[in-house]
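Q:
In the working numbering, the protein residues as written are 1 to 428.
#1: Taking a contact to mean a Cβ-Cβ separation below 8 Å, would you say residue 346 touches residue 322 in this structure?
#2: What would DSSP say about residue 53, mapped onto helix, strand or coil?
#3: Can you give me the C-alpha to C-alpha distance between residue 282 and residue 208, rounded to a whole angstrom?
#4: DSSP state of residue 65, grouped into three classes?
#5: With 16 other CB atoms within 10 Å as the buried threshold, where does residue 20 fall?
#6: Measure the C-alpha to C-alpha separation of residue 62 and residue 329 and round it to an integer number of angstroms.
#7: Give me the Cα-Cα distance between residue 277 and residue 206, rounded to the nearest whole angstrom.
#8: Looking at residue 167 and residue 178, is the spacing between their C-beta atoms short of 8 Å?
#9: Pick out whichever of 389, 411, 412 and 369 has its Cα sitting closest to the Cα of residue 133.
#10: To the nearest angstrom, how far is it from the Cα of residue 90 to the Cα of residue 35?
#11: Examine the Cβ distances between the stretch 81-97 and the stretch 50-57 and report whether three or more of them are shorter than 8 Å.
#12: Taking DSSP as the reference, what is the three-state secondary structure of residue 182?
#13: Would you check if the distance between the CB atom of residue 376 and the CB atom of residue 140 is smaller than 8 Å?
#14: Can you give me the C-alpha to C-alpha distance between residue 430 and residue 33, rounded to a whole angstrom?
#15: Determine the direct distance from the alpha carbon of residue 82 to that of residue 415, and round the result to whole angstroms.
#16: Taking 8 Å as the threshold (C-beta atoms), are residue 195 and residue 221 in contact?
#17: Would you kindly work out how many angstroms separate the C-alpha atoms of residue 37 and residue 24, rounded to a whole number?
#18: Can you tell which of 267, 219 and 335 has the C-alpha that lies nearest to the C-alpha of residue 307?
#19: Once you ignore the five residues that flank residue 75 on each side, which residues in its own chain have a CB closer than 6 Å to its CB?
#20: Could you tell me whether the Cβ of residue 279 comes closer than 8 Å to any Cβ of chain D?
#21: Would you report the Cα separation of residue 111 and residue 249, rounded to the nearest angstrom?
#22: Which whole-angstrom value is the C-beta distance of residue 224 and residue 364, which I expect to be below 8 Å?
#23: Mind checking residue 261: buried by the 16 CB within 10 Å criterion, or exposed?
#24: List the whole-angstrom C-beta distance separating residue 352 from residue 86, where the pair is believed to meet the contact cut-off of C-beta under 8 Å.
#25: Locate the beta strand (DSSP E) running through residue 401, then write down its first and last residues.
#26: Pull up the CB-CB distance for residue 380 and residue 27, whole angstroms please, since I reckon it's below 8 Å.
#27: Helix, strand or coil: which one does DSSP assign to residue 353?
#28: From residue 275 to residue 258, what does the alpha carbon distance come to, in whole angstroms?
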């Protein structure tokens with residue numbers, strides 16, 4: 001009885017931490033005027049749902065249940081999103097899958113904001129947590145949506161993207177996102193790019209905006225459920241097993257040897273997986289390979305770089321998340337970062353009761369949409385210090401960085417967002 005009593009008398013509002021010295025932003029106001037506001041005021045005025053109550057559905061009253069429902073719940077009839085997939089060939093021979101929505105964007109202007117999404121663990125654009133936000137965000141304004149474009153950057157080997165080089169992905173490898181942003185910003189040069197990322201992808205995006213500082217191609221970032229460097233490794237092992245034939249084409253390569261050992265591990269933890277594979281095949285050289293999994297963790301953790309972020313960043317986590325055990329609520333004292341911690345929500349859940357018996361919806365959708373509207377429409381960004389792009393041998397590159405480049409491959413395909421991959425963990 002005491003557990004039920006505590007649930008019904010719990011606190012349901014997020015612990016929102018603002019920096020002591022907030023960054024000063026320029027925003028659009030009514031009648032085409034502009035004004036300067038501090039980040040705290042910007043969020044408090046434009047993201048009221050962040051401070052509103054989140055009451056979890058009574059039958060999903062703790063983090064484990066919320067997280068389990070992410071994996072086992074049936075979301076096939078909710079938030080349907082259809083994508084047009086573009087494949088990018090990278091300079092190292094790897095391949096990325098960029099899923100754009102809406103498929104017919106002829107009614108959108110060149111200045112329409114674009115949400116750039118990075119998914120979690122072994123997921124993709126089909127994930128229910130991705131669609132819960134993109135469905136309303138990309139619905140036309142006259143139908144109650146934001147009327148934005150969006151693109152999901154699918155990791156190498158995920159969501160039907162082939163492995164075409166001896167490298168997978170990891171929480172610390174940011175170059176794939178960097179190259180995807182080359183392409184997106186080149187294709188839509190007038191559109192502001194708004195980052196949205198989940199779990200492992202959230203760690204990647206946080207590291208990217210920290211590494212780039214004022215040169216970030218993202219205007220803002222919303223980070224959910226970051227970070228997940230210590231979770232079960234069987235699902236990443238399944239991803240390696242799915243592509244082991246590709247790795248085996250060059251059996252003498254260090255990554256091929258690592259893959260062969262990895263698929264033989266019995267019920268590996270994430271530390272075991274990272275020790276045998278990620279520290280070797282999770283990124284490009286330098287800084288890969290690492291001497292140990294611990295060295296990789298020290299490098300990859302986004303906690304260590306938050307102080308270097310120079311765009312507005314909102315990070316939301318749940319206190320009962322069984323995956324994320326440590327949240328740096330001080331954000332390194334960075335005036336550009338707002339940290340929010342909800343008492344409940346699990347890992348990427350945040351399910352609350354909806355109309356109808358047993359139906360749920362995601363509370364997180366509301367504050368994220370408010371943030372995307374505010375940063376996409378109201379926020380005015382100072383002229384960014386982007387490095388110019390140029391074409392070299394058919395590859396799109398940044399001036400001064402010869403090791404990175406991408407080019408669009410011929411052909412595209414329609415992707416139905418509710419169709420995931422069999423055998424891989426969904427929802428995380």
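Just so it is clear, CB atoms sit at the ideal spot from N, CA and C, and this is done for glycine as well. Keep in mind it's a predicted model, so treat the numbers as computed, not measured.
A: A quick look at the data gives this:
#1: yes
#2: coil
#3: Their backbone Cα atoms lie some 16 Å apart in a straight line.
#4: helix
#5: The residue in question, residue 20, is exposed, as its Cβ has fewer than 16 Cβ neighbours within 10 Å.
#6: 21 Å
#7: 23 Å
#8: no
#9: 369
#10: 42 Å
#11: no
#12: Here residue 182 sits in helix by DSSP.
#13: no
#14: Here the chain has residues from 1 to 428 only, and residue 430 is not among them.
#15: Roughly 6 Å between the two C-alpha positions.
#16: yes
#17: 6 Å
#18: 335
#19: 128
#20: The structure shown contains no chain D, having only a single protein chain.
#21: 44 Å
#22: 7 Å
#23: Classification of residue 261: exposed, given that the 10 Å Cβ count is below 16.
#24: Your pair residue 352 and residue 86 does not check out as a contact, with CB atoms roughly 35 Å apart and the cut at 8 Å.
#25: 401-416
#26: 6 Å
#27: Reduced to three states, the DSSP call for residue 353 is strand.
#28: 10 Å
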